Amino acid sequence: MRILHLILILVFCSFSAQKAIPLDTLKLKEAKDMLADDYGNLYIYKSKDFSFTKYDSLGKQIGKLMFTVPYKVQGVQNPLSVPLFSENAQETEIC
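The numbering used here applies: residue 3 is where the sequence shown begins, and numbers increase by one.
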């Protein structure tokens, strides 16, 4: 009976509870900032085309914003309001 318990524990512990996000599909080479919030959402800012993209925990794109001036992401603690600051335009935007 103990052997059966030991085998079941080893089998149970060998399964992973987390799934890996295929980051190859997100094209992270030109990404300047990559942030994550508490809900598993991933935020990527690309300075090449000034785009700010949000992905869910499975790697699917939720939304994308395109800016005309470069911004710097201040933080993503609250996913409902993400503050961005532009040094060129001297303005703050909340997404």
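Glycine included, every Cβ here is placed at the ideal spot set by N, Cα and C.
Given the structure is predicted, the values throughout are model-derived calculations rather than measurements.
With contacts defined as CB atoms closer than 7 Å, residue 54 and residue 37 fail to qualify as a contacting pair.
Residue 14: member of the alpha helix (DSSP H) spanning 4–16, first to last residue.
The DSSP assignment places no complete alpha helix (DSSP H) segment of no fewer than 4 residues inside the stretch 21–95. The C-beta of residue 73 has 16 or more other C-beta atoms within 10 Å across all chains shown, which makes the residue buried.
Rounded to the nearest whole angstrom, the CA to CA distance from residue 91 to residue 70 is 10 Å.
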